[in-house]
Structure formats: C-alpha cells, structure tokens
Amino acid sequence: MNIVHWPALALAALLAPLSPACADEVMAAVAANFAAPMQSIAQAFERDTGHKVVASVGSTGSLYAQIKNGAPFDLFLAADEETPTKLVAEHSAVAATQFSYAVGKLVLWSANPAMVDAAGEVLKAGRFEHLAIADPRLAPYGAAAVQTMKALGVYDALQAKLVTAQSIAQSHQFVQSGNAQLGFVALSQVQKDGRIDGSAWLVPPRLHQPIRQDAVLLNRGSAKAAAQAFLKFLKGDKAQAIIKAYGYDLP
Numbered sequence: 190m191n192i193v194h195w196p197a198l199a200l201a202a203l204l205a206p207l208s209p210a211c212a213d214e215v216m217a218a219v220a221a222n223f224a225a226p227m228q229s230i231a232q233a234f235e236r237d238t239g240h241k242v243v244a245s246v247g248s249t250g251s252l253y254a255q256i257k258n259g260a261p262f263d264l265f266l267a268a269d270e271e272t273p274t275k276l277v278a279e280h281s282a283v284a285a286t287q288f289s290y291a292v293g294k295l296v297l298w299s300a301n302p303a304m305v306d307a308a309g310e311v312l313k314a315g316r317f318e319h320l321a322i323a324d325p326r327l328a329p330y331g332a333a334a335v336q337t338m339k340a341l342g343v344y345d346a347l348q349a350k351l352v353t354a355q356s357i358a359q360s361h362q363f364v365q366s367g368n369a370q371l372g373f374v375a376l377s378q379v380q381k382d383g384r385i386d387g388s389a390w391l392v393p394p395r396l397h398q399p400i401r402q403d404a405v406l407l408n409r410g411s412a413k414a415a416a417q418a419f420l421k422f423l424k425g426d427k428a429q430a431i432i433k434a435y436g437y438d439l440p
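In this note's numbering, the protein residues as written are 190 to 440.
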C-alpha cells in the first residue's frame with residue numbers, strides 16, 4: 190500500500206471550511222425600521238454564501254439623498270414603495286429588480302407599562318408632555334403616524350406635544366430614553382419573541398396608508414453578483430422567516 194504524505198499547508202487547506210470562490214462585499218442602504226432584521230438576515234446570508242453585507246441605516250428620505258449624491262450603495266431596502274420607484278424612474282436603479290419584501294406595522298409605544306392603553310385612547314386624553322414621531326418628510330413611518338393622528342382627529346390638538354425625530358430609530362430612542370413619554374415606532378423595534386416591553390397600541394392598518402417596503406438593486410450593484418444574490422436570498426424562506434419573526438407581514 191502506498192502511503193501519501195500530504196504537505197502541511199495542503200492538508201490544512203483540505204481540512205479548512207470551504208469558502209465561496211468569489212466572496213464579495215455588498216453595500217446596502219437600509220431603512221431604520223429594518224435594522225434589526227437586516228442584521229439577522231445578513232448573518233444568515235454570509236453563512237450561506239460567504240458574501241458580507243455592510244448596512245448603512247437611516248431614514249428612507251435621507252438614504253435617497255445619499256444615493257442621489259453618489260453614495261456607494263449596491264442596493265436599497267426602503268420603508269416605502271415610492272422611493273425605489275422614484276429611483277427607477279430617475280434611472281438610478283434597475284426596474285426589473287424592485288419588489289416588496291415586507292409590510293410594516295406602526296405602533297404607539299411607551300416604555301411605561303401603564304402609559305398606552307390597548308385602544309390608543311391616550312392620544313385623545315393628551316395626558317403627556319411629549320409624543321415622538323419620525324419626520325414625515327423623510328420617514329414613511331412618520332407619515333403613517335401623521336395620517337393616523339389625522340384619522341383620529343387629534344393631530345391639531347397634539348401639535349405642541351410633537352417631538353420630531355430624524356428617523357424611526359431616533360423616535361424609538363426618544364421614547365426609550367424618557368425624553369418623550371410615548372411615540373410612534375415600528376413594531377419590529379419593540380417586539381421580541383412575540384412580546385412587547387412597556388405598553389403599546391398596534392395601530393389598525395385602516396388608519397394609514399399601507400407601509401409596503403420595497404427593495405431594489407441600484408445601478409452601482411447591477412454588475413455585482415453578490416448584490417443580486419442577496420436580493421434573491423431576501424425572497425427566500427430563511428429571510429422571510431426572520432422578517433415574520435420581527436412582526437412584519439409578508440407582501
């Protein structure tokens with residue numbers, strides 16, 4: 190019997206975990222409400238493919254401005270349909286790649302377990318000093334918050350109490366820190382394992398326009414296989430299970 194003596198380096202290469210031949214880095218612009226699920230999805234994607242996702246998080250409006258100013262993003266996960274559609278119309282994104290990856294849910298939330306009632310009547314009572322919302326000009330969740338207050342007939346009365354945040358992430362921070370007693374946030378920010386700490390009112394979808402969140406491949410990423418692979422992964426079972434776990438509906 191012939192005994193083959195493998196060189197140490199060759200043997201180490203055989204025993205090491207195989208990595209994708211063309212591992213790459215994907216630069217993603219991600220709406221603030223989707224930061225936590227994006228982290229989990231990116232980790233799963235990297236385990237499966239070897240590709241790494243670097244996410245820049247912000248309000249949809251501010252990310253749009255960065256993209257138009259030449260920020261080096263390969264793909265965009267927005268908090269609405271309109272902004273990706275606009276990028277496609279402006280020839281800044283690939284039309285055939287746009288799709289809805291999640292439907293967001295708006296929540297009126299307080300870190301105080303006794304602050305928000307199950308029907309949102311706290312808004313009409315007005316017994317609080319500050320109510321946080323994301324800037325409705327930049328953040329679709331902020332726009333949905335304004336639509337909700339107008340539908341309830343309380344928007345004008347609450348004007349003096351509103352604290353406007355740059356993004357839904359900052360709105361959550363205002364409430365979590367106590368700078369605002371309550372605020373409109375995304376369900377994904379406050380729900381963990383199906384439970385919500387503090388107190389919350391899940392806003393009925395009929396009170397605001399649907400928060401359909403679209404993803405799209407940007408021109409910069411159109412020739413990058415890893416970016417295309419991530420969008421495909423986002424439609425798959427693993428990513429969709431994560432999205433549902435964070436409280437979103439699937440389109």
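Virtual Cβ for every residue (Gly too), placed ideally from N, Cα, C.
Proximity winner among the options, relative to residue i (alpha-carbon distances)
i: G247; options: R395, A434 and A225; result: A225
i: N244; options: A254, S229, G250 and D237; result: It is Ala, not Asn, that sits at residue 244 in the sequence shown. Of the listed residues, the one whose Cα sits closest to A244 is S229.
i: V312; options: D345, Q429, N258 and K275; result: The sequence shown places Leu at residue 312, rather than the Val named in the question. Cα-wise, what sits closest to L312 is D345.
i: A220; options: K427, Q402 and Q336; result: Q402
i: S447; options: V242, G250, M216 and T238; result: Missing from the structure shown is residue 447; the chain here goes from 190 to 440 and no further.
i: E310; options: L341, T238 and H397; result: L341
i: R236; options: G367, D213 and A217; result: D213
i: L439; options: F262, A416 and S289; result: S289
i: A334; options: S366, V277, P394 and T286; result: P394
i: A369; options: G315, S299, Y435 and K241; result: S299
i: Q365; options: G259, A233 and N301; result: N301
i: K413; options: I256, G425 and P261; result: P261
i: K339; options: A434, Q398 and Q359; result: Q398
i: V343; options: K433, G367, A314 and S360; result: A314
i: F234; options: E271, K424 and A434; result: K424
Limits of the beta strand (DSSP E) - the one that residue i falls within
i: R401; result: I400 to L406
i: F317; result: F317 -> no beta strand (DSSP E), and no H or E assigned at all.
i: E214; result: E214 to A220
i: F288; result: F288 to G293
i: V243; result: K241 to G247
i: L266; result: L264 to L266
i: S281; result: Counting along the chain, S281 falls outside any beta strand (DSSP E), and DSSP gives it neither H nor E.
Cβ-Cβ separation, residue j to residue i (assumed contact under 8 Å), whole Å
i: I442; j: L295; result: Any property of residue 442 remains undetermined from this structure, which presents the chain solely from 190 to 440.
i: L320; j: K350; result: 5 Å
i: V242; j: A217; result: 6 Å
i: Y437; j: A291; result: 4 Å
Pair within 8 Å by beta-carbon distance, residue i and residue j
i: F317; j: L371; result: yes
i: F223; j: L264; result: no
i: L297; j: F373; result: yes
i: T353; j: I322; result: yes
i: Q336; j: L396; result: yes
i: L376; j: T286; result: no
i: H240; j: V215; result: yes
i: A428; j: T238; result: no
i: A268; j: G293; result: yes
Residue range of the unbroken alpha helix (DSSP H) whose run includes residue i
i: V131; result: Residue numbering for the chain in the displayed model covers 190 to 440; residue 131 lies beyond these limits and cannot be assessed.
i: L341; result: P329 to L341
i: V352; result: Where V352 is concerned, there is no enclosing alpha helix (DSSP H), although the beta strand (DSSP E) it sits in stretches over L351 to A354.
i: L396; result: Looking at the DSSP string, L396 is not in any alpha helix (DSSP H), and its letter there is neither H nor E.
i: F363; result: I357 to S366
i: L423; result: A414 to L423
i: S229; result: A224 to T238
i: Y435; result: Run containing Y435: none; DSSP gives neither H nor E here.
i: D345; result: Y344 to L347
Chain B within 8 Å of residue i, Cβ atoms only
i: H319; result: In the structure shown, chain B cannot be found, because there is only a single protein chain.
For the 8 Å Cβ check, are there 3 or more pairs between the segment 266-282 and the segment 404-414?
yes
Using 8 Å as the threshold, is the segment 313-330 in touch with the segment 377-395, meaning 3 or more CB pairs across them?
no
Do the segment 389-400 and the segment 298-308 touch if we need at least three Cβ pairs shorter than 8 Å?
yes
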